Amino acid sequence: MAMNIDLQQLADILALAEQAKIDALELRQGDTHIRIVCRDGEPPTTTNNHHTPNRQQPVPIANTQPQPTSDPNADRSSQQTATDKTNHPNTDTATSITSPMVGTFYRQSSPDNPPFIEVGKTVAIGDTLCIIEAMKIMHEVKAERAGTVREILANDGDMVEYDQPLIVLG
Numbered sequence: 000m001a002m003n004i005d006l007q008q009l010a011d012i013l014a015l016a017e018q019a020k021i022d023a024l025e026l027r028q029g030d031t032h033i034r035i036v037c038r039d040g041e042p043p044t045t046t047n048n049h050h051t052p053n054r055q056q057p058v059p060i061a062n063t064q065p066q067p068t069s070d071p072n073a074d075r076s077s078q079q080t081a082t083d084k085t086n087h088p089n090t091d092t093a094t095s096i097t098s099p100m101v102g103t104f105y106r107q108s109s110p111d112n113p114p115f116i117e118v119g120k121t122v123a124i125g126d127t128l129c130i131i132e133a134m135k136i137m138h139e140v141k142a143e144r145a146g147t148v149r150e151i152l153a154n155d156g157d158m159v160e161y162d163q164p165l166i167v168l169g
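FYI, numbering that gives the first Met the number 0 numbers position 120 of the sequence shown as 119, with every residue one higher than the one before it.
Written as structure tokens, this is what we have:
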């Protein structure tokens with residue numbers, strides 16, 4: 000015997016569970032099983048052992064890359080302005096390494112360790128260039144291409160913005 004429940008009824012059940020501030024609710028009828036779990040500060044969730052399409056998209060937790068929220072043309076303009084400030088001629092061989100997130104820029108893994116890079120140092124693909132600390136988590140910024148460090152645009156301990164130029168590779 001299958002449970003006959005439509006989406007509106009399910010929405011009503013979820014609303015009741017949220018208002019009642021319950022921890023969990025299970026409904027069983029025949030071979031159908033619906034379980035609603037409420038966590039502190041989170042809306043209720045459901046699971047169903049029948050093949051029902053999940054309409055929610057998964058949310059990545061690790062290795063997330065923030066997406067630009069402004070006009071892409073404006074980002075190119077700000078990058079060009081930052082590149083112009085480096086006093087280097089605009090050549091195809093220069094690459095600006097930008098911050099993948101908002102956070103604190105560090106040139107070394109700890110105050111006792113030497114910096115990952117120095118101006119003039121040659122780096123290979125995958126070499127760690129710097130660390131961005133965000134929410135007490137250290138995120139390594141790695142070289143996506145080989146080259147020589149031309150300039151380091153951020154100082155150790157600086158707050159940096161998403162997509163802010165940090166290092167120029169030649």
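Virtual Cβ for every residue (Gly too), placed ideally from N, Cα, C.
Computed from a predicted structure; not experimentally measured.
In whole angstroms, what is the alpha-carbon distance linking residue i and residue j?
i    : j    : result
F104 : G125 : 18 Å
L15  : N3   : 19 Å
V159 : V140 : 13 Å
L9   : I35  : 10 Å
Y170 : Q7   : No answer is possible for residue 170: it lies beyond the span of the chain, which begins at 0 and ends at 169.
G102 : I12  : 41 Å
P113 : M100 : 23 Å
D157 : I116 : 16 Å
I136 : V118 : 26 Å
T92  : L128 : 18 Å
H138 : G29  : 49 Å
Any idea which residues DSSP pairs residue i with across the strands?
i    : result
P164 : T97
V118 : Its beta-bridge partners do not exist; DSSP assigns none.
E139 : I130
I124 : Bridge partners of I124: none, in fact.
Please return the same chain residues whose Cβ sits closer than 6 Å to the Cβ of residue i, not counting the five positions on each side in sequence.
i    : result
P164 : A81, S95, T97 and L152
R149 : V167 and G169
S120 : Looking at the sequence provided, one finds Lys at residue 120 rather than Ser. These residues qualify, in order along the chain: V148.
E25  : R34
E132 : G102 and T103
How would you write the range of the beta strand (DSSP E) that residue i sits in, first residue to last?
i    : result
F201 : The question about residue 201 has no answer here: the residues shown for the chain are numbered 0 through 169.
T127 : T127 to A133
E25  : A23 to Q28
I151 : G146 to I151
Using the Cβ count rule (16 or more neighbours within 10 Å means buried), how would you classify residue i?
i    : result
R144 : exposed
M134 : exposed
A142 : buried
N154 : exposed
D5   : exposed
Quick one: what's got a C-beta closer than 7 Å to residue i's C-beta in the same chain, skipping five residues either side?
i    : result
R27  : none
G146 : T94, V122, L168 and G169
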